[in-house]
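S.K.:
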Amino acid sequence: MAAPLSEEQVRETRERIIAEAERQFAASGPDGASLRSIARALGWTAASLYRYFPGKEALLAATRAAVLDRFSDRIEAAYVSTPDLWERSRAVGQAYVGFAFEEPHAYRLMFGYAVPDPKPPELLRAEVRSMRTVTDYVEDMIAAGLLEGDAEAIGRAYWAALHGLIVLRMAGRIGADEFEARRHQTMRLITRGARPATRKDTP
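Position 190 (the sequence shown) corresponds to 1234 in the working numbering; numbering is contiguous.
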């Protein structure tokens, strides 16, 4: 009888499965990949995956959580890259755009498919963390008097506008130059709307 796996071995095995699942979901979409194809690529039987995930939906949720955490790592690194609040907001925005276009399949996996309801705790945690990355810097700017209003609402407005432009760019509906022009114009418009009435120093 095989010895039970340690927690570290289980974690490493789950990470291997998730990495292969992400590769196949990126290539074929969630509907085009199966537990059988993922197991085959790993040299396993499909039944062996059930030791780690109860089904494909759970594996997809875990894969999305892993992608969201990778995204959050990148945004959080940008967040701490400078103490200047305006520069920080630009760094966060650039990191967001960089992730989307450097890892387009991962970006689509984050936002492009239906999620189970209720969401698994692992996915919910990753989603909450990722949303904090687009509201934390806004909270800092509100605390410094550079913006005013509800940090979550402002952060979601930035996100919704940027996400919409990214989707248009990925679909080929707008070119690279138009994307950049619209991005900066839209971010400025949202920022102006959130500025305190007495402040005129937004870059």
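Beta carbons are placed, not taken as given, at the ideal position from N, Cα and C, and that holds for glycine. Predicted model, so just to flag it, every value in this text is computed and none were measured.
In angstroms, rounded to a whole number, what distance separates the CA positions of Arg1239 and Leu1191?
M.R.: About 4 Å.
S.K.: Would you tell me roughly how many angstroms separate the C-alpha atoms of Arg1217 and Phe1223, rounded to the nearest one?
M.R.: If you take the alpha carbons of Arg1217 and Phe1223, they lie about 10 Å apart.
S.K.: Please report the straight-line C-alpha distance between Met1045 and Ala1121, rounded to a whole angstrom.
M.R.: At Met1045, the pLDDT of 44 sits below 50, so the modelled position is not reliable and the matter cannot be decided from this model.
S.K.: For Glu1066, name the three-state secondary structure that DSSP assigns.
M.R.: Glu1066 falls in the helix class under three-state DSSP.
S.K.: So, helix, strand or coil for Lys1100, using DSSP?
M.R.: The answer is helix: DSSP assigns Lys1100 an H, G or I state.
S.K.: Whole angstroms is fine: what's the gap from Glu1183's alpha carbon to Glu1146's?
M.R.: Roughly 28 Å between the two C-alpha positions.
S.K.: Consider the Cβ of Ile1234: report whether some Cβ of chain B lies at a distance smaller than 9 Å.
M.R.: No chain B appears in the structure shown, which is made up of a single protein chain.
S.K.: Taking the alpha helix (DSSP H) that Asp1180 falls in, what are its first and last residues?
M.R.: Where Asp1180 is concerned, the enclosing alpha helix (DSSP H) stretches over Asp1180 to Ala1187.
S.K.: With a threshold of 7 Å on Cβ separation, who are the neighbours of Ser1174 within its own chain once the five nearest residues in sequence on each side are excluded?
M.R.: Within the same chain, Ser1174 has close Cβ partners Leu1112, Phe1115 and Ser1116.
S.K.: From Arg1055 to Ala1105, what distance separates their C-alpha atoms?
M.R.: The straight-line gap from Cα to Cα measures roughly 16 Å.
S.K.: Could you check whether the stretch 1085 to 1105 touches the stretch 1158 to 1176, counting it as contact only if at least three pairs of C-beta atoms, one from each stretch, sit closer than 8 Å?
M.R.: Counting Cβ pairs under 8 Å, three or more are found: they touch.
S.K.: Here's the rule: buried if 16 or more other CB atoms are within 10 angstroms of the residue's CB, otherwise exposed. What is Pro1127?
M.R.: Classification for Pro1127: exposed.
S.K.: From the DSSP output, in three-state form, read off Ala1110 for me.
M.R.: It is helical.
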